[in-house]
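Numbering (mature numbering (1 follows the signal peptide of the UniProt record, and there is no 0)), first residue to last: -22 to -1, 1 to 69.
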């Protein structure tokens, strides 16, 4: 009985570790290190993921409304300009 419980615990613990690694996986494209900072808009969840510094692992999750507040919330990215985001009038 103890062996079965130990085996179940190891399997469960392994599944949790595997899923947490997938969640924290870096968004950096290793084949193109000179790419722009990470900037992802998810319209399904109304969120934005962006870098806050030059370090590619410095990612933060924000509400999509940060795109319309007129402030520079993310690390400089030519693809992101608060004033020109076309959906700002709908929030």
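Virtual Cβ for every residue (Gly too), placed ideally from N, Cα, C.
Which residue's Cα is closest to the Cα of residue i: the options?
i	options	result
residue 16	27, 22 and 46	27
residue 20	43, 35 and 34	43
residue 109	49, 41, 66 and 54	Beyond the ends of the chain as shown, which are -22 and 69, falls residue 109; an answer cannot be given.
residue 66	45, 32 and 18	45
Output the boundary residues of the beta strand (DSSP E) element that contains residue i.
i	result
residue 25	25 to 29
residue 40	37 to 41
Looking at the strands, I want to know which residues DSSP matches up with residue i.
i	result
residue 17	28
Using a Cβ-Cβ cutoff of less than 6 Å, which residues in the same chain neighbour residue i once the five nearest sequence positions on both sides are dropped?
i	result
residue 38	30
residue 49	none
residue 22	none
residue 51	44
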